[in-house]
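S.K.: Residue numbers (the working numbering): 17 to 210.
Note that the Cβ used here is the ideal one computed from N, Cα and C, for glycine as well.
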């Protein structure tokens, strides 16, 4: 997914690791200026400063990342299933979607779970996201997408162990999700645990 934000050379990914904020949003105006947004209606946040654990760092080390092209074929059953939470399965043929449903039903049977029925099947397809495809609106109150659920695109996923010796939120199966609004380029960051 090509990303080009007018006027920017860099694309920093910011997230607040403090229980006073569950999500953060920001619009980058230049490489040195941004506007931040914090939701005020989140019942999962604390009014007190608190960290995931006593030994949690106040500041993380900065790290550069390298992006590499990866082949992805939305019409390939394995690719579509692996990235369904990001790209969906709409490009699969009907017979491939039926095969995917059969594979998921068999997997659910193996682990003693009930197979998804009806439209729940599409909600079940959330890989590589832990708790399903985000249903977020743009966090920028001045954007047309501010009140439109599912209006953002997944931009980046950061695993629970982004650098050697550091586990975010104190353990495995937590990921930070960065989404971007296609209209105003505001980035919304949140986390999920599995």
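1. What is the DSSP secondary structure of residue 143, counted as helix, strand or coil?
2. For residue 152, which of 141, 143, 169, 137 has the nearest alpha-carbon?
3. Using the Cβ count rule (16 or more neighbours within 10 Å means buried), how would you classify residue 150?
4. Do the segment 76 to 96 and the segment 104 to 123 touch if we need at least three Cβ pairs shorter than 8 Å?
5. If I follow the unbroken beta strand (DSSP E) through residue 44, where does it start and stop?
6. What residue range is occupied by the uninterrupted alpha helix (DSSP H) comprising residue 93?
7. Cutting at 6 Å between CB atoms, please list the residues of its own chain near residue 23, excluding the five before and the five after it.
8. Can you grab the Cα-Cα spacing for the pair residue 131 / residue 167, in whole Å?
9. Looking only at its chain, what residues have a beta carbon closer than 7 Å to the beta carbon of residue 43, apart from the 5 residues adjacent to it on each side?
10. Assuming the contact rule is C-beta atoms closer than 8 Å, residue 145 and residue 193 should be a hit. Round their C-beta distance to whole Å, please.
11. So, is residue 213 buried or exposed, given that buried needs 16 or more other C-beta atoms within 10 angstroms?
12. Rounded to whole angstroms, what's the CA-CA distance from residue 119 to residue 87? Just pull it up for me.
13. Any idea what DSSP makes of residue 117, helix, strand or coil?
14. In its own chain, which residues sit with a C-beta less than 6 Å from the C-beta of residue 91, not counting the 5 before and 5 after it?
15. Could you compute how far the alpha carbon of residue 112 sits from the alpha carbon of residue 129?
16. For residue 116, which residues from the same chain have a beta carbon less than 8 Å from its beta carbon, with the 5 sequence-adjacent residues on both sides left out?
17. Which residues mark the beginning and the end of the beta strand (DSSP E) in which residue 174 is found?
M.R.: On the basis of the coordinates in this document:
1. coil
2. 169
3. buried
4. yes
5. 40 to 46
6. 93 to 98
7. 46
8. 28 Å
9. 50, 51, 156, 200, 201, 202
10. 7 Å
11. Examination of residue 213 is not possible in this model, given that the chain is present from 17 through 210 alone.
12. 23 Å
13. helix
14. 107
15. 22 Å
16. 93, 96, 97, 105, 108, 141
17. 169 to 174
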